[in-house]
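Structure record follows, encoded as structure tokens.
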Amino acid sequence: MNNSATHASWTTADIPDQTGRTFVVTGANSGLGREATQALAALGAQVIMAVRNESKGQRARDELLEVQPGADLQVRALDLADLDSVRAFADGLHADAQAVHVLINNAGVMMPPRSLSPQGQEIQFAGNHLGHFALTGLLLDILASADDPRVVTVSSSLHRRGSIHFDDLTGAASYSPTSFYAQSKFANVLFGLELDRRLRAAGSPIKSLIAHPGYAATSLQTSGPTGLAKFFSATIGNRLLAQSAAMGALPELFAATDPTAEGGQFIGPDGRGEMKGHPTVVRPVASAEDPATARRLWELSEELTGVHFDLSAAA
Ligand SMILES: NC(=O)c1ccc[n+]([C@@H]2O[C@H](COP(=O)([O-])OP(=O)(O)OC[C@H]3O[C@@H](n4cnc5c(N)ncnc54)[C@H](OP(=O)(O)O)[C@@H]3O)[C@@H](O)[C@H]2O)c1
């Protein structure tokens, strides 16, 4: 990974014109996804807002159109925690012969009480990782025929505290909201790096990058957590410690658009502890760079989703 690159004070003003490019942004109705949608649409991109709640999605679209009349925004239903919904979303794009240049795997939930997806997986692993894994695999052929195609997967600095609970994936034996959130964000990094290795080996033009926002004030900190964690975020964390959602969206926007960004890079904020700041290349925790763990997670993800990546179609 190239760590020499720094991007002093990179902002949305540095994004080249995006006319003619289509982005799928998961979780586009709120927080970072919404900020990314607004920035991309302002530069002429078509954005497919992939949302689990269509009325929230339509409301966000209407509000964005008030700021920017004429923005090219489509709302499509996608619940990443439900593999049937992921397949229906991908089928819809295929049926409409929809071009996609960049997939931003942005949506996420953080630290909810334990619950299971319709397919019986722990909800954070299902929505944050498995849904994005399946979605990426199902859209690979569409991406491969685009110019400068990219997949950007949004992780968190909390990936550093993660590991894959291969022997208790659903948390049936022991569940902690934080450790299962960290597991899902660790999986995002393992997946993004393994996808990069596989795409390179297949000679694919698609780049896989990873991004994290540092700490940005969004709905994330209050929609999932309960009790003290929620209270702290609502009263102190988001008001005093976090940066804005617009700043938090910059790393994923950089990964999705900057001409110098390379496959396999991890983009995060350049401030102290990677909590705030402008995008730069950062390093994941060493355990997230382990190809053996990544391969094991990949094979498990294929088994749990039934999605097998056709890398020959991605070349
Ligand atoms: N904010 C931070 O400080 C921070 C730090 C590290 C990492 N991140 C990551 O940044 C990403 C964006 O989060 P955010 O901060 O922007 O939070 P947010 O404001 O809560 O937005 C999350 C979005 O994801 C959507 N979503 C959640 N589960 C979904 C599912 N199963 N299917 C489809 N969409 C789903 C939400 O939809 P609803 O509106 O319907 O709930 C919402 O649109 C997440 O991956 C998060 O882990 C954020």
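Residue numbers 0 to 314, in numbering that gives the first Met the number 0, belong to the letters of the sequence shown in order. Built from N, CA and C at the ideal position, the CB exists for glycine as well.
Whether Ala-106 touches Gly-136 by CB criterion (8 Å): In this structure, Ala-106 sits away from Gly-136, with a CB-CB distance that is not shorter than 8 Å.
Cα-Cα separation between Glu-273 and Leu-63, rounded to whole angstroms: One C-alpha to the other measures close to 29 Å.
Inter-residue spacing [alpha-carbon to alpha-carbon] between His-100 and Ala-285: Near 30 Å, if we compare the C-alpha coordinates of Ala-285 and His-100.
Helix, strand or coil at Gly-32 according to DSSP, with G and I counted as helix: DSSP places Gly-32 in the helix class (H, G or I) of the three-state scheme.
Local Cβ density within 10 Å of Thr-279, reported as buried at 16 or more and exposed below that: Answer is buried; the Cβ neighbour count reaches 16.
Gly-19 (DSSP reduced to helix, strand or coil): For Gly-19, the secondary structure class from DSSP, reduced to helix, strand or coil, is coil.
Ser-222: CB within 7 Å of a non-hydrogen atom of ligand 1: Set against 7 Å, the gap from the CB of Ser-222 to the closest heavy atom of ligand 1 is smaller.
Ala-181 and Arg-160 closer than 8 Å at C-beta: Yes.
Cβ-heavy atom distance, Val-281 to ligand 1, below 7 Å: False, no ligand heavy atom lies under 7 Å from that Cβ.
Buried versus exposed, by CB contacts within 10 Å (16 or more), Ser-154: Ser-154 comes out buried.
8 Å Cβ shell around Arg-271 - same chain, five flanking residues per side excluded: Here the set comprises nothing.
Alpha carbon of Asp-71 to alpha carbon of Val-23, nearest angstrom: Whole-angstrom Cα-Cα distance: 12 Å.
Segment limits, beta strand (DSSP E) that includes Asn-104: According to the DSSP assignment, Asn-104 belongs to the beta strand (DSSP E) that extends over 101 to 104.
CA nearest to the CA of Leu-192, picked from Ala-287, Ser-183 and Gly-30: Of the residues Ala-287, Ser-183 and Gly-30, the one whose Cα lies closest to the Cα of Leu-192 is Ala-287.
Buried/exposed call for Arg-315, threshold 16 Cβ in 10 Å: What is shown of the chain runs 0 to 314, which leaves residue 315 out entirely.
Distance between Thr-304 and Ala-38 (C-alpha atoms, nearest Å): For Ala-38 and Thr-304, the distance between alpha carbons rounds to 32 Å.
Three-state secondary structure (DSSP) of Gly-305: In the three-state DSSP reduction, Gly-305 falls in the coil class, being neither helix nor strand.
Residue span of the beta strand (DSSP E) that contains Asp-71, given as start and end: It spans 71 to 76 - the beta strand (DSSP E) in which Asp-71 sits, taken as one unbroken run.
Alpha carbon of Glu-251 to alpha carbon of Lys-206, nearest angstrom: Taking the straight line from one Cα to the other gives about 13 Å.
Per-residue DSSP class, three states only, for Ser-333: Absent from the structure is residue 333, since the part of the chain shown begins at 0 and ends at 314.
Selection from Ala-171, His-164, Gln-17 and Asp-195 that minimises the alpha carbon distance to Ser-183: Measuring from the Cα of Ser-183, the nearest candidate turns out to be His-164.
Residue from Ser-162, Phe-253, Ser-232 and Ala-215 whose Cα sits closest to the Cα of Asp-289: That would be Ser-162, whose Cα lies nearest to the Cα of Asp-289.
Cβ contact check for the region 186 to 203 and the region 258 to 266: 3 or more pairs under 8 Å: Touching, per the Cβ criterion.
Contact test: Arg-271 Cβ vs ligand 1 heavy atom, cutoff 7 Å: Not so, every heavy atom of ligand 1 lies at least 7 Å from the Cβ.
In chain order, each alpha helix (DSSP H) run of at least 4 residues that lies wholly inside the region 114 to 165: Here the runs fully enclosed are 130 to 143.
C-alpha gap between Ala-87 and Ser-300, whole angstroms: If you take the alpha carbons of Ala-87 and Ser-300, they lie about 19 Å apart.
Nearest-angstrom beta carbon gap, Phe-190 and Thr-152 [assumed within contact, 8 Å]: Yes, Thr-152 and Phe-190 are in contact; Cβ-Cβ is about 6 Å, under 8 Å.
Cβ shell of Pro-176 (< 6 Å), same chain only, five flanking positions each side left out: Met-110, listed in sequence order.
beta-carbon Ala-285 near ligand 1 non-hydrogen atom, thresh 7 Å: No.
With 16 other Cβ atoms within 10 Å as the buried cut-off, status of Gln-67: So Gln-67 ends up on the exposed side.
Boundaries (first-last residue) of the beta strand (DSSP E) holding Gly-267: That run of the beta strand (DSSP E) goes 265 to 268.
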